[in-house]
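Below: one structure, written as C-alpha cells.
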Amino acid sequence: MNVLLVEDDPTMRSTLERALGRRGLRVDSCEDGLAALRAWQERAPDVVVLDLTLPGLDGLQVLERARRDGLDTPVLILTARGTVGDRVIGLNAGADDYLPKPFDLDELVARLHALARRRAEPGAAATQRLGALRCERESGAFYVRDEVLELTPRESALLQALIARPGHAVSKEKLFELVFPGEDDVQYEAIEVVVYRLRKKLAHTGTVLMTLRGLGYLLKAA
C-alpha cells in the first residue's frame with residue numbers, strides 16, 4: 004500500500020515514516036498543504052493520512068480542493084482536534100476516517116488497511132441501515148437519523164463488524180481481532196467492556212446488541 008503522509012511536525016512525520024515502513028507500507032511525506040496537493044496529484048496514493056494543522060493550506064482546505072479536483076483517494080484525518088464538531092466538519096469535507104492524537108500505531112495501520120479494502124470492494128453498498136442507525140460505508144461514520152453517533156475508534160470498529168451482518172452472530176474471537184488488532188498485551192475480556200459501552204450508546208437507535216453465549220454477539224433491529 005502506498006501512503007501519502009501529510010504532517011508538519013518533523014518528529015511526528017519521521018516517526019510515522021519509520022513505523023509505517025517497518026509494517027510494509029510505502030510512505031511519501033510532505034509538510035505543507037500546497038506540497039500535499041501536488042504530491043497527491045502526481046503519485047496517486049492508495050490512502051492519504053492528513054493532519055489538519057498545516058502551513059500554507061490547512062488540512063480541510065487541502066481535502067476540499069482535492070475532492071473538488073476529483074481526487075477520490077480515501078483520507079484518514081490525523082489530528083489533535085478531537086471534538087465531535089471537528090470530526091463532523093472533517094467528514095463533511097470529504098474525509099473517510101478520523102483518528103485523534105494521541106493514537107495507537109496498530110490501530111492506525113488497521114484503519115489504513117480497512118480504507119484500502121473498502122475502496123477495492125466491487126459493488127459495495129454505500130450505506131448500511133438498521134433501525135434508526137445508518138452507517139456511511141465510505142467514511143465509516145454512524146448516524147442516528149441525521150445526528151452523528153459519537154463513538155470511540157474501538158466502538159466504531161465493533162459496530163461496523165456487526166452492522167455488516169445484521170441478525171447474524173459474529174464470534175468474540177473475530178471481533179477481538181478487529182477491535183484490538185495486533186495488541187497481544189490486551190486481555191481477551193476487554194472486548195466485553197467495548198460491548199458494554201457500545202450497548203449503552205445504542206439504547207435509542209432502534210437496534211439491540213445481543214450477547215449469544217458460546218457464539219458471540221449480534222446486532223438486530225429492536
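For what it's worth, the numbering used here labels the leading residue of the sequence shown as 4, then goes sequentially. No residue lacks a Cβ here, since even glycine has one placed at the ideal position from N, Cα and C.
Residue i classed as buried or exposed, judged by whether at least 16 other C-beta atoms fall within 10 angstroms
i	result
Gly-219	buried
Gln-163	buried
Tyr-199	exposed
Ala-225	exposed
Glu-176	exposed
Gly-217	exposed
Pro-58	exposed
Pro-156	buried
Thr-82	buried
Arg-114	buried
Thr-210	buried
Ala-206	exposed
Thr-1	In the structure displayed, the chain extends from 4 to 225; residue 1 sits before or after that span and is not available.
Gly-62	buried
Ser-174	exposed
Tyr-191	exposed
Val-182	buried
Asp-54	buried
Glu-158	buried
Asp-149	exposed
Asp-100	buried
Ala-127	Note that Ala-127 has pLDDT 49, beneath the 50 cutoff, so the model's placement of it is unreliable and no number is given.
Val-50	buried
Val-6	buried
Pro-125	For Pro-125, the predicted model reports a pLDDT of 48, less than 50, meaning its position is unreliable; a value from the coordinates is still stated below. Classification of Pro-125: exposed, given that the 10 Å Cβ count is below 16.
Val-30	buried
Range of the contiguous alpha helix (DSSP H) that encloses residue i
i	result
Met-4	No alpha helix (DSSP H) holds Met-4; DSSP gives it neither H nor E.
Val-198	193-204
Arg-16	13-25
Leu-165	156-166
Counterpart residues of residue i in DSSP-defined beta bridges
i	result
Tyr-220	Val-173, Thr-214
Arg-148	DSSP, once it has assigned bridges, lists no residue as partnering Arg-148.
Glu-139	Thr-130
Arg-29	Asn-5
Assumed close pair residue i, residue j - CB separation to whole angstroms, cut-off 8 angstroms
i	j	result
Thr-14	Trp-43	Not confirmed; about 23 angstroms, so no contact.
Ala-98	Ser-32	Contact doesn't hold; Cβ gap of about 19 angstroms is too wide.
Val-9	Ala-47	Not a contact, Cβ separation roughly 15 angstroms.
Leu-222	Leu-212	6 angstroms
Leu-161	Val-197	5 angstroms
Gly-36	Gln-64	6 angstroms
Gln-131	Arg-140	6 angstroms
Pro-184	Asp-72	About 33 angstroms; that fails the 8 angstroms criterion.
Cutoff 8 angstroms: residue i Cβ touching any chain C Cβ
i	result
Ala-160	Among the chains of the structure shown, chain C does not appear; only one protein chain is present.
Please list the segments of the beta strand (DSSP E) lying wholly inside the stretch 41-117, counting only runs of 3 or more residues, in order along the chain. 50-53, 78-82, 100-103
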